[in-house]
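Q: Structure provided below as C-alpha cells; questions to follow.
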Amino acid sequence: MGEETESVATRLWRDRVQVREQERNEALARARIAEEKVALLVAENDALADEVARLRARLQPDETRARAETEAQMEALKGALLPLLTRSAA
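Okay, so the sequence shown: first residue is 0 according to numbering that gives the first Met the number 0, each after it adds one.
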C-alpha cells in the first residue's frame, strides 16, 4: 500500500504542478494582451496629443506675426488720421 499511496501522491503533485503551469501560461497570455493594448493606447494618446498641439497652434497665431500685423494696422490708421488732423487744424 505504501507504493500505491506514493503513486497517488506523486500523481496529485504532478496534477497540481500542471494546473499551476497552465495558470501561469494563461496569466502570461493575459499580460501580453494587456501590454499590446497599452502599446496601442499609448500610440493613440501620442497621436491625439500631436493633433491637440497642431490645433492649438492654429488657434493661437504666431506672436511675431500678430505684432507685425497690429503695427501695420496702426501705421495705416495713423496715415489715414494725420491728413484729417492737419485739415481740421488749418
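Heads up, the beta-carbon is just placed ideally off N, CA and C, and yes, glycines get one too.
The structure presented is a predicted model; accordingly, all values stated were derived computationally and were not measured.
For D61, which three-state DSSP category applies?
A: Coil, per DSSP.
Q: Whole angstroms is fine: what's the gap from Q59's alpha carbon to A52's?
A: Computed Cα separation, rounded: 10 Å.
Q: For D14, which residues of its own chain have a beta-carbon under 7 Å away from its beta-carbon, when the five flanking residues on both sides are left out?
A: Same-chain partners within the cutoff: there are none.
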